[in-house]
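Report on one structure; see the data block that follows.
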Amino acid sequence: MDDFKVEFTIPFATEREADVVYQVLKVDKEPPRSGVSKNIKQKDNLLLVSFSGTEIRKVRVGVTSFFDSLTLVTETIQQFGPPESMYNYY
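The working numbering applies: residue 2 is where the sequence shown begins, and numbers increase by one.
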């Protein structure tokens with residue numbers, strides 16, 4: 002049973018930027034021993050994120066770690082410019 006839940010929506014300038022961030026962050030699953038579950042979805046230019054768990058301290062750690070990763074991805078996008086409209090490198 003999940004006693005604590007945190008939900009937030011993060012807007013991006015374009016749907017493509019939201020997709021890039023989603024693709025990067027979705028691969029980082031919460032470890033089973035953390036007792037926290039994370040759900041990330043993308044809808045248009047929005048990133049929809051939720052964390053839930055039985056201990057508030059562990060939920061806070063998961064959210065803090067997520068925002069550290071989010072900051073790194075968004076700073077990388079700012080440094081190198083917006084992503085191409087299509088990814089066709091394969």
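Beta carbons are placed, not taken as given, at the ideal position from N, Cα and C, and that holds for glycine.
{"Item": "Given T10 as reference, the closest of E85, L49, F68 and G63 once Cα atoms are compared", "Value": "L49"}
{"Item": "K42, enclosing beta strand (DSSP E) - first and last residue", "Value": "V37 to K44"}
{"Item": "Among N46, V37 and T65, nearest to T55 - alpha-carbon criterion", "Value": "V37"}
{"Item": "Status (buried if at least 16 other CB within 10 Å, exposed otherwise) for F13", "Value": "buried"}
{"Item": "F5 to T65 span [Cα, whole Å]", "Value": "15 angstroms"}
{"Item": "Start-to-end residues for the beta strand (DSSP E) that takes in F5", "Value": "F5 to P12"}
{"Item": "Sequence-distant residues of the same chain with beta carbon closer than 7 angstroms to S86, five excluded per side", "Value": "R17"}
{"Item": "Closest Cα partner of T77 within the set E31, K39 and V25", "Value": "V25"}
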